[in-house]
Amino acid sequence: MPKFAANLTMMYPEHAFLDRFAAAARDGFEAVEFLFPYDFEASEIKTRLTDNGLTQALFNAPPGDWSKGERGIASLPGREEEFRQSVEKGLEYAATLGNKKLHVMAGLIARNQNRDEHRAIYLKNLEYAAKEAQKAGITIVIEPINTRDIPGFFLNRQDEAQQICDEINAKNLQVQFDIYHCQIVEGDIAMKLKRDMKRPNAGIGHIQIAGVPERHEPDIGELNYPYLFELIDSLGYEGFIGCEYKPKAGTSEGLGWLKPYL
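The UniProt record's numbering numbers the first residue of the sequence shown as 1 and each following residue consecutively.
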């Protein structure tokens with residue numbers, strides 16, 4: 001039976017952020033994830049988790065200046081020290097919140113920039129992040145993201161992400177398989193899940209879902225999620241599946257798809 005985590009950045013926008021934990025618990029979620037916790041003290045978020053019996057599944061390390069359009073700094077030349085500080089801060093929050101997976105975003109690359117240079121920086125930074133995270137028993141995950149939603153994002157394909165993990169060869173570096181992004185860029189979701197789930201050096205560390213193409217509930221759009229959930233179960237995935245979608249109307253009213261799995 002799949003286990004789901006409500007993404008509190010996208011879900012429950014009708015509530016203030018700290019009130020979304022209780023709302024998710026009332027709807028039957030046992031875990032949550034979100035993009036960033038850094039506007040709040042870690043202890044304040046931990047209290048919301050504990051009070052509502054929730055597990056923290058995942059969040060992102062600081063991504064640079066989000067308000068100015070930055071979407072990660074892991075591949076950006078000249079930002080190495082800032083990246084190390086972002087990993088340190090992410091691990092500090094994880095120590096309090098209890099999650100064992102931390103996502104680091106690759107960042108953007110312009111058409112006139114040197115991709116090989118960005119890739120070399122990316123690998124060096126990921127190697128550092130994995131080494132530091134290993135001390136805390138935490139897995140670093142990297143996520144291919146489609147360039148329709150985030151134009152210029154450096155990492156786009158599942159096979160490229162797996163290759164990067166293979167090159168670094170750290171047991172605690174894995175790929176975050178977002179089915180929404182993968183469907184837009186590549187398709188052939190089931191075969192990619194089968195290919196990558198059991199890879200010896202990397203594999204899939206976290207899964208996220210949303211309907212395609214509008215990124216609403218998973219029962220809206222072109223994908224057959226009940227089939228994919230059954231497949232994911234059969235492949236032995238034991239982690240949480242993050243519900244990173246934008247509710248079409250009210251969040252709770254759109255959770256009919258979830259009821260068979262509660």
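Even glycine gets a Cβ: it sits at the ideal position worked out from N, Cα and C. The structure displayed is predicted, hence computed values, not measured ones.
Contact check, residue i vs residue j, beta carbons under 9 Å
i      : j      : result
Ala22  : Asn52  : yes
Arg71  : Pro77  : no
Gln146 : Tyr180 : It should be pointed out that residue 146 corresponds to Asn in this sequence rather than to Gln. Closer than 9 Å, so yes.
Tyr225 : Asp219 : yes
Lys194 : Leu228 : no
Gly90  : Phe59  : yes
Ile168 : Ala130 : yes
Ile189 : Arg148 : no
Lys3   : Phe240 : yes
Pro247 : Met11  : yes
Leu18  : Phe40  : yes
Glu14  : Thr251 : yes
Trp257 : Glu214 : no
Own chain residues within Cβ distance below 7 Å of residue i, not counting five before or after
i      : result
Gln174 : Thr139, Val141, Cys165, Ala202, Gly203, Ile204 and Gly205
Leu255 : Asp27
Arg199 : Gln162
Gly152 : Leu108, Ile109 and Ala110
Lys46  : Thr96 and Leu97
Nearest-angstrom Cβ-Cβ length linking residue i and residue j, presumed shorter than 8 Å
i      : j      : result
Glu244 : Ala210 : 6 Å
Ala161 : Ala95  : Not quite, the Cβ-Cβ distance comes to about 26 Å (not below 8 Å), so this is no contact.
Ala61  : Leu123 : Their Cβ separation, rounded to whole angstroms, is 17 Å, which puts Ala61 and Leu123 out of contact at 8 Å.
Ala120 : Phe154 : The Cβ separation is near 12 Å, so there is no contact.
Glu30  : Leu54  : 7 Å
Glu143 : Ala170 : Not a contact, Cβ separation roughly 17 Å.
Met197 : Tyr261 : So it is not a contact: roughly 19 Å between Cβ atoms.
Paired residues, beta bridge with residue i - DSSP
i      : result
Gly242 : Ala5 and Gln208
Glu33  : Asn7 and Leu58
Asp196 : BP columns for Asp196 are empty, so no partner.
Lys248 : Beta-bridge pairing links Lys248 to no other residue.
Lys101 : Thr139
Asp178 : Gln208
Close beta carbons around residue i, own chain, < 6 Å, minus the five adjacent residues each side
i           : result
Glu222      : Val212
Gly242      : Ala5, Asn7, Glu33 and Gln208
Asn125      : Ala74 and Phe83
residue 264 : Look at the range of the chain in this structure, 1 to 262, and you will see that residue 264 is not part of it.
Thr9        : Phe34 and Leu35
Cβ-based neighbour list, residue i, same chain, cut-off 8 Å, excluding 5 preceding and 5 following
i      : result
Ala133 : Val87, Leu91, Leu102, Thr139, Ile140 and Asn172
Glu80  : Ile121, Lys124 and Asn125
Ala57  : Ala5, Ala31, Val32, Glu33, Asn99, Lys101, His206, Gly239, Phe240 and Gly242
Leu49  : Phe21, Val32, Thr55, Gln56, Leu97 and Gly98
Leu231 : Ala190, Leu193 and Lys194
Phe38  : First, the residue type needs correcting, since residue 38 is Tyr and not Phe in the sequence shown. Within the same chain, Tyr38 has close Cβ partners Pro62, Lys89 and Tyr93.
Glu117 : Pro77
Which runs of the alpha helix (DSSP H) at least 4 residues long sit entirely within the region 42-93? Give them in chain order.
42-51
Just list the beta strand (DSSP E) runs in the region 107-175, keeping only unbroken ones of 3 residues or longer that don't cross its boundaries, in chain order.
139-142
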